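J.:
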Amino acid sequence: TMANKLVIIDTDCGIDDAQAIMMALAAPNLEVLAVTCVFGNATVENVCQNILRVLSVCDRQGIPVFQGSAGPLVGVNWSPFSDHFGGDGLGDVLEDKDPQWKEKIQQEHAVNAMIRLASKYENQVSLVALGPLTNLALAVRLDPRFPQKLGELFIMGGNMEGKGNVTVCAEFNFAMDPESAYVVLEEFICPTYLTTWEYCCRNALTWEFFEELVNQDFPAARFMKAVTSKCWAYSKEAMKNKRDVYFGPGFVSYDSYAMAACVDGSTVLESIECPVRVELQGSMSRGMLVLDRTKSLKKSHAVRVMSKCNVKKFGRLLMESLKQPWRK
């Protein structure tokens, strides 16, 4: 069957990005045109290497990988990289670094590749943004028509209630580059779907599900089990101790929620359609997403902020995504 959705994945390849990318690769209705890399969970060089690794585990080395932005647009008080996913972004479990990785990625810059593909397949491309939005902001500056050329945009980022996971308020992807997030949510007039931090946390899956997920007998599942071992052990403990208001006791693969919405729109049961803005002022609220439910911003376009997930369907997509490659 013909793939009916062309997808570009823009990612800072941490652990949950790896899972989300595998979901895209496993979806029969998706054709991944390119993976574009951005700094975030790790340096952009490490991100490129992580992506190559994920593609090779899934036996999909044919998908082109492009290196993009190495840091934020403005970078006020910017310091790179959390240790949440280990220094390389994938839990530091990947020993054998590939010395030839540079020859395996494309020479063209990620932002140019995005513009080229969106122009070639006008209004057909779904862009799924899983990291800081730097590449997207640069794309609209290089080609003001870039947003109109996209079919749709899915973003993992932002917060609904000002309890995000970095500077109290600003969710990681927006906090890493608030200016880019501002530009994208201001200027991208294509249909835009936002997977916020809370949406992911509230629709968490059980740890039992997670065990079943990574213990499947496939290379992709074994890979995810290896890269998640360190991170989730930490995560599970943290959850137990904090009894966090917006976490609950479950397992959360953030980026996979955005990808699932792209793969199958029916995974999203409810969303709030309203204009949004990213806050750039204020030390506490910088990078925070403001939902304009009363329409006081006088903005012409609204985004769809996901609020309720079909967790059963989402879980099935996750399960399927780790049954790779199919030739055992």
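Note that full-length UniProt numbering gives residue 196 to position 196 of the sequence shown, counting from 1, and the numbers run on in steps of one.
Backbone N, C-alpha and C define an ideal beta-carbon position, used for all residues, glycine too.
All figures in this text were calculated on a predicted structure; none of them were measured in a lab.
#1: Would the beta-carbon of residue 271 fall within 9 Å of that of residue 23?
#2: In the DSSP assignment, what are the bridge partners of residue 308?
#3: On the DSSP letters alone, give me the boundaries of the alpha helix (DSSP H) that residue 21 sits inside.
#4: In whole angstroms, what separates the C-alpha of residue 70 from that of residue 266?
#5: Under the DSSP definition of a beta bridge, which residues are partnered with residue 48?
#6: With a threshold of 6 Å on Cβ separation, who are the neighbours of residue 193 within its own chain once the five nearest residues in sequence on each side are excluded?
#7: Residue 180: buried (16+ other C-beta within 10 angstroms of its C-beta) or exposed?
#8: Roughly how far, in whole angstroms, is the beta-carbon of residue 315 from the beta-carbon of residue 205, given that I think they are within contact range, below 8 Å?
#9: Which whole runs of the alpha helix (DSSP H) in the stretch 148-231 are 4 residues long or more, in chain order?
#10: Expressed to the nearest angstrom, what Euclidean distance is found between the alpha-carbon atoms of residue 218 and residue 44?
#11: For residue 52 versus residue 33, is the C-beta spacing smaller than 9 Å?
#12: Compute the Euclidean distance between the alpha carbons of residue 313 and residue 58, then round it to the nearest angstrom.
#13: In the structure shown, what three-state DSSP assignment does residue 38 receive?
#14: Do residue 253 and residue 42 have their C-beta atoms closer together than 9 Å?
#15: Would you kindly check if the distance between the Cβ of residue 12 and the Cβ of residue 38 is under 9 Å?
#16: Please classify residue 120 as buried or exposed, where buried requires at least 16 neighbouring CB atoms within 10 angstroms.
#17: Who are the Cβ neighbours of residue 307 in its own chain at under 6 Å, not counting the five residues just before and after it?
T.: Checking against the coordinates, here is how it stands:
#1: For residue 271 and residue 23, no; Cβs fall outside 9 Å.
#2: Bridge partners of residue 308: 270.
#3: First-last of the alpha helix (DSSP H) with residue 21: 15-26.
#4: Answer to the nearest angstrom: the Cα atoms are 35 Å apart.
#5: Per DSSP, residue 48 has no beta-bridge partner at all.
#6: The beta carbon of residue 193 sits closer than 6 Å to the beta carbons of 154, 261 and 304 from its chain, once the five residues preceding and following it are set aside; these are given in chain order.
#7: Around the beta carbon of residue 180, 16 or more other beta carbons sit within 10 angstroms, so the residue counts as buried.
#8: 6 Å between Cβ atoms; contact.
#9: The qualifying runs are 172-176, 178-187, 197-202 and 207-214.
#10: Roughly 28 Å separates the two Cα atoms.
#11: Not in contact: residue 52 and residue 33 (Cβ atoms no closer than 9 Å).
#12: In this model, residue 313 and residue 58 are separated by some 22 Å (Cα to Cα).
#13: Residue 38 falls in the coil class under three-state DSSP.
#14: Going by C-beta atoms, residue 253 is not nearer than 9 Å to residue 42.
#15: Contact flag set, yes.
#16: Within a 10 Å sphere around the beta-carbon of residue 120 sit fewer than 16 other beta-carbons, which makes this residue exposed.
#17: Closer than 6 Å at the Cβ level, and outside the excluded window around residue 307, lie 270, 271 and 272.
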